[in-house]
Amino acid sequence: MSIPEQNINGRRVPTPPALSMANRIRLWTVIVLLVVAYLVLRFGVGFYTDFLWFQHLNLESVFLTGFWAKLVVGFAVGIPFAVVFWISAFIARWQSVRNVLFFSDEILVAQKFVVWAIWGAGALLAWAVGAAAGNNWLMFYKFLNRQVFNLADPIFNMDIGFFVFTLPFLHFVQTWLIVILFASLFGAVAVYALAQQNNLAEGRLVVLPHVQLHLSVLGALIMFTFAFGHWLALYDLLYSERGVAFGASFTDVNVSMPALRVLAAVAVGAGLLLLVNIFLRRPSLSLFAVFAWIIVGIIGTGFVPGLVQRYSVEPNELAREAPYIEKNIDFTNYGYGMSNIQEKDFSSVEDLTPEKVAAEGLFLKNIRLWDYRPLQQTYQQIQSIRLYYRFYDIDFDRYMVDGELRQVALAPRELDKSQLQSPTWVTQKMQFTHGYGVVVNPVNEVTKEGLPRLWVKDLPPASDFDDLHITRPEIY
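Heads up: the sequence shown begins at 0 in numbering that gives the first Met the number 0, then just goes up one per residue.
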């Protein structure tokens, strides 16, 4: 039996034997099992720990609802993504090799690589897109369970429920379409470029009719999707921050809105031109369509609105923005439940006397003297107690204390994991898992040192008032 040899530096060295098919299967099985074991340890431990925590609070149904929703949404978004990508890429591969009568060994190896690359790229991209979509499962649930507000916005006369439940979902759909179409376009271009590697090596670019057909269809679909995005951007103007008040302003309604409609029409026209160019076969026409869309977008949504805002609105801002400020006030009042408030004028106001002041003692006790900014710094200095506790913000509320309704400032003592000196898995997941306690002080009292008089303080939380006694200080 002869042993295969190879020549290395003039010496004949036996060639290492190739792995048999059975050994290859065993090797890949071991690799797959190792990857699966890593994923189970990487994600399974955290999943099980979170489940135990929800179960401890008798809220495992909430945890499982979110878990299954993530899976359903992830598969519902990822699988169609992979299918569309694979169809486009394999069409490109089929178009590239259908007229080839003979394949050399090098081309056969390259084609096998292309097939595996298509399968792998589609699966990897689908996993990434599906995982991102799964994290937005709550948006899908809100859309599926959308409700009407029975209140129309003043600009589009559409129910507010559309902006709360439907518009975010439509934005996701538009983004998903853009991502999948661009991924399909780049995948097809890569396959066609690999088939044209000899021409590219010689500095020649040959665009065959079937290549132009495929890429033009994808390009047209991309332009139609951008047009859909411009249409959605019309409704986003209600969230504009351009004017003096939040919401659609004079410039948004009178300049940006028509510009977005024109831009959407130009995008549709560019898409149609790409389809027509399938028969005309003039690449410059396709470039012109895309270039025109870009120019209209820059001028219509950036340059012109800026000029109008700077030289027409700002010099006469009150007159220009008054109707939109009024709409902002009306809907703010409605949102806070103050739309039915009646204004009354007091015709006469009596003089203030010490007796009247004494009669309003409870009112004076609730006048806020503490500002939240220095109060937050003071809390952090005197009541954080541990380096890993932090007071992120100050809230104001009213509680019954000794039979009186008192206004107080309060802040939870929350855990800041970035301050842990040894951030190991044990310390982050098992030992330091939650904040602890709260700090409360009346808004109008200070100590002789100039510090807030604390009604609830320290670890564990202590208070001189039974009304402020805390039984569960843990903060998750």
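Note that the Cβ used here is the ideal one computed from N, Cα and C, for glycine as well.
_Please classify T446 as buried or exposed, where buried requires at least 16 other C-beta atoms within 10 Å of its C-beta._
exposed
*Please go through the same chain and pick out, in chain order, the residues whose beta-carbon is closer than 6 Å to the beta-carbon of A263, but skip the five residues on each side of it.*
A226, H229, W230
*Under the rule that 16 or more other beta-carbon atoms within 10 Å means buried, what is R92, buried or exposed?*
buried
*If we ignore side chains and look at the alpha-carbon of each, how far apart do G497 and T28 end up?*
Here the chain covers residues 0 to 475 and nothing more, so residue 497 does not appear.
*Among S239, G268, G246, nearest to L220 - alpha-carbon criterion*: G268
*Do F142 and F162 have their C-beta atoms within less than 8 Å of each other?*
no
*Which residues mark the beginning and the end of the beta strand (DSSP E) in which Q406 is found?*
403-411
*So the beta strand (DSSP E) N332 belongs to, where does it begin and stop?*
Careful: N332 lies outside any beta strand (DSSP E), inside the alpha helix (DSSP H) at 316-334.
_Just verifying my parser: in three-state terms, what is the DSSP assignment at D158?_
strand
*My guess is that G436 and L458 are in contact by the Cβ rule of under 8 Å, so how many angstroms apart are they, rounded?*
6 Å
*Have a look at F148, I154, L176 and flag the residue whose alpha-carbon is nearest the alpha-carbon of T165.*
F148
_Buried/exposed call for T470, threshold 16 Cβ in 10 Å_ = exposed
*beta strand (DSSP E) containing M138: first to last residue?*
Not the beta strand (DSSP E): M138 falls in the alpha helix (DSSP H), residues 136-143.
*Exposed or buried, what is K111 when buried is set at 16 or more other beta-carbons lying within 10 Å of its beta-carbon?*
exposed
*Where does G436 fall in DSSP's three states?*
coil
*Sort P411, G296, A125 by Cα distance to Q375 and report the nearest one.*
P411
*May I have the straight-line CA-CA distance separating F155 from A247, to the nearest angstrom?*
11 Å
*Could I get the ranges of all uninterrupted alpha helix (DSSP H) runs contained in the region 188-273, with 4 residues as the minimum, in chain order?*
196-200, 208-235
_Quick check: the Cα distance between K456 and S383, rounded to an integer number of angstroms?_
10 Å
*To the nearest angstrom, how far is it from the Cα of N144 to the Cα of P322?*
34 Å
_Span separating the alpha-carbon of I24 from that of L32_ = 12 Å
*Does DSSP put I293 in a helix, in a strand, or in coil?*
helix
*At a cut-off of 7 Å, is V348 close to the ligand NAD when judged by its beta-carbon and the heavy atoms of the ligand?*
In the structure on display, the ligand NAD does not appear, and there are no ligands present to speak of.
*So, helix, strand or coil for P451, using DSSP?*
strand
*Among the residues of its own chain, which have a CB less than 8 Å from the CB of P472, if the five just before and after it don't count?*
Y435, G436, V437, P459, P460
_Collapsed DSSP secondary structure at S95 in the structure displayed_ = helix
_Taking the straight line between their C-alpha atoms, what separation do you get for F287 and V114?_
34 Å
*Check each candidate in T377, D401, E403, S338 and name the one with the smallest Cα separation from Y391.*
T377
*So, using beta-carbon positions, are G133 and V72 closer together than 8 Å?*
yes
*Is the region 177-185 close to the region 71-90, with three or more CB pairs under 8 Å?*
yes
*Which of helix, strand or coil DSSP assigns to E444*: coil
_With H, G and I counted as helix, E and B as strand and the rest as coil, what does DSSP make of L361?_
helix
*asked:* Going by DSSP in three states, M399 sits in which element: helix, strand or coil?
replied: strand
*Would D251 be called buried (16 or more neighbouring beta carbons within 10 Å of its own) or exposed?*
buried
_Bounding residues of the alpha helix (DSSP H) (the contiguous stretch that carries V44)_ = 44-55
*asked:* The alpha helix (DSSP H) that contains G305, what's its start and end?
replied: 303-307
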